[in-house]
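Everything on this sheet refers to the single structure shown next.
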């Protein structure tokens with residue numbers, strides 16, 4: 001692989017062919033390889049990415065069929081743009097007219113320039129007719145990608161060429177909302193200054209404050225709050241910004257929302273509380289913060305799941321250990337599921353071990369007649385099933401001796 005990369009950097013056809021005699025990329029792909037090449041791009045894609053113009057021309061002349069470089073139907077132009085290879089981009093546009101080529105997802109070269117922050121390439125493409133308002137299959141304009149990836153200079157270029165600043169993709173997300181979600185305060189402010197509507201709401205009902213709660217950015221959540229949004233506003237499934245801060249483990253966000261009268265006791269349509277999401281996704285720090293602020297750590301959702309069940313299902317050993325100080329290891333849901341059964345259903349051996357040490361019963365059955373061993377076997381977690389069986393046998397043997 002290194003020999004190929006060196007050959008392409010030197011733009012040597014002879015060395016390239018010596019490095020890959022078969023013309024096929026058949027060697028293991030390591031972590032050093034750029035993400036764009038990981039999806040089994042062919043040699044033409046590699047040469048394009050590294051800007052090896054002579055190699056690209058040589059390979060194109062040998063190609064009898066499509067110039068697609070991988071299963072995503074990306075052409076040389078997409079790879080060259082992503083890597084910022086302006087000279088090769090110019091050649092491909094002027095010689096092969098690839099300015100408007102779309103890949104399988106409907107991405108144009110300008111989408112790639114926006115994604116990878118290639119401002120000079122973006123300027124060239126726009127000057128040569130690239131459509132700043134072209135949507136890919138999910139409805140994203142190039143500005144969506146520039147916004148979510150924090151590519152400020154490309155975004156400024158797109159705005160200066162009258163792109164649709166409030167365009168929504170198929171999820172109803174605008175460039176402003178993407179900037180908020182990913183914590184790009186400078187981009188969010190720039191978009192707002194250039195007319196972006198901060199009150200736009202995504203299809204699932206998430207507003208800018210919900211997105212800010214996911215950003216893990218103190219500056220962002222403060223900035224959005226200043227627009228006067230309700231800290232307890234609902235999405236379509238009745239989740240508040242507090243729910244999203246909990247999912248993201250955003251401790252400072254939880255504290256900020258709480259100090260602005262955010263309510264951690266509001267449940268969504270399924271009875272799920274921020275404390276449950278902290279246990280399943282957010283982690284121990286946000287779980288402890290909610291407990292410190294007064295959240296009921298033993299609360300159940302409408303199905304009877306408590307925070308221990310959520311943590312065991314997610315495999316968060318640290319949260320499981322902490323929650324066992326407050327919740328009975330034998331606690332069951334409405335359908336008779338225990339924390340051990342949830343841990344077994346997701347192959348979480350370490351959680352199973354902790355729960356067993358605290359007295360969890362392996363042969364406890366839910367209303368469907370399934371115990372932890374059965375659940376592990378049904379999910380083909382054979383190693384875990386064997387571990388649980390051995391633990392059960394040891395426990396039974398110990399009981400008989402006593």
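Numbering (the UniProt record's numbering), first residue to last: 1 to 402. We put the beta carbon where it would ideally sit given N, CA and C, even for glycine.
query: So, using beta-carbon positions, are residue 304 and residue 332 closer together than 8 Å?; result: yes
query: Taking Cβ to Cβ, would you say residue 204 is nearer than 8 Å to residue 229?; result: no
query: According to the neighbour-count rule (16 or more other Cβ atoms, all chains shown, within 10 Å of its Cβ), is residue 274 buried or exposed?; result: buried
query: May I have a chain-ordered list of the alpha helix (DSSP H) segments no shorter than 4 residues that lie completely inside the UniProt repeat "ANK" (303-325)?; result: 307-314, 317-323
query: With a Cβ-Cβ cutoff of 8 Å, do residue 128 and residue 178 count as a contact?; result: no
query: Alpha carbon to alpha carbon, what distance is there between residue 258 and residue 355?; result: 32 Å
query: Just how far apart, CA to CA, sit residue 307 and residue 232?; result: 22 Å
query: Just list the alpha helix (DSSP H) runs in the UniProt repeat "ANK" (138-170), keeping only unbroken ones of 4 residues or longer that don't cross its boundaries, in chain order.; result: 142-148, 152-160
query: Measure the beta-carbon distance from residue 254 to residue 220 and round it to whole angstroms, keeping in mind my assumption that it falls under 8 Å.; result: That pair is no contact at about 15 Å.
query: Applying the criterion that 16 or more other CB atoms from any shown protein chain within 10 Å of the CB defines a buried residue, is residue 334 buried or exposed?; result: exposed
query: What residues in its chain sit with their C-beta under 6 Å from that of residue 74, if we drop five residues either side in the sequence?; result: 103
query: Taking the alpha helix (DSSP H) that residue 261 falls in, what are its first and last residues?; result: From DSSP, residue 261 is part of no alpha helix (DSSP H); its letter is neither H nor E.
query: Which first and last residues belong to the alpha helix (DSSP H) in which residue 243 is found?; result: 241-247
query: Using a Cβ-Cβ cut-off of 6 Å (strictly less than) and excluding sequence neighbours within five positions of residue 122, which residues of its own chain qualify?; result: 113, 154, 157
query: Please classify residue 136: is it buried, with 16 or more other beta-carbons within 10 angstroms of its beta-carbon, or exposed?; result: buried
query: How is residue 340 classed by DSSP in three states: helix, strand or coil?; result: helix
query: State the start and end residues of the unbroken alpha helix (DSSP H) segment that holds residue 102.; result: Note, residue 102: premise wrong, no alpha helix (DSSP H); not H, not E.
query: Would you check if the distance between the CB atom of residue 342 and the CB atom of residue 392 is smaller than 8 Å?; result: no
query: Measure the Cβ-Cβ separation of residue 362 and residue 373 and say whether it is below 8 Å.; result: yes
query: Would you report the Cα separation of residue 108 and residue 21, rounded to the nearest angstrom?; result: 32 Å
query: Cβ atoms of residue 19 and residue 50: under 8 Å apart, would you say?; result: no
query: Would residue 321 pass as an interface residue toward chain C - the criterion being a Cβ-Cβ separation below 8 Å?; result: This model lacks chain C altogether; it includes just one protein chain.
query: By a C-beta neighbour count over all protein chains shown, 10 Å radius and 16 as the cutoff for buried, is residue 292 buried or exposed?; result: exposed
query: Counting C-beta neighbours from all protein chains within 10 Å, is the total for residue 394 16 or more, i.e. buried, or is it exposed?; result: exposed
query: Give the DSSP-derived three-state secondary structure of residue 352 in the structure shown.; result: helix
query: Looking only at its chain, what residues have a beta carbon closer than 7 Å to the beta carbon of residue 180, apart from the 5 residues adjacent to it on each side?; result: 188, 208, 211, 212, 215, 220, 224
query: Using a Cβ-Cβ cutoff of less than 6 Å, which residues in the same chain neighbour residue 314 once the five nearest sequence positions on both sides are dropped?; result: 280
query: What are the start and end residues of the alpha helix (DSSP H) that includes residue 79?; result: 76-82
query: How many angstroms separate the CA atom of residue 262 from the CA atom of residue 91?; result: 56 Å
query: Classify residue 71: buried if its beta carbon has 16 or more other beta carbons within 10 angstroms, exposed otherwise.; result: exposed
query: Mark residue 168 as exposed unless 16 or more other C-beta atoms lie within 10 angstroms of its C-beta, in which case mark it buried.; result: buried
query: How many angstroms separate the CA atom of residue 397 from the CA atom of residue 270?; result: In this predicted model, residue 397 has a pLDDT of only 49, less than 50, meaning its place in the structure is not dependable; the value taken from the coordinates is given anyway. Distance between the alpha carbons of residue 397 and residue 270: 42 Å.
query: Could you have a look at residue 361 and say whether DSSP puts it in helix, strand or coil?; result: coil
query: In chain order, what residues of the same chain lie with their CB nearer than 6 Å to the CB of residue 360, ignoring the 5 residues before and after it?; result: 329, 340
query: Can you give the beta carbon distance from residue 11 to residue 42, rounded, assuming they're within the 8 Å contact cut?; result: About 18 Å; that fails the 8 Å criterion.
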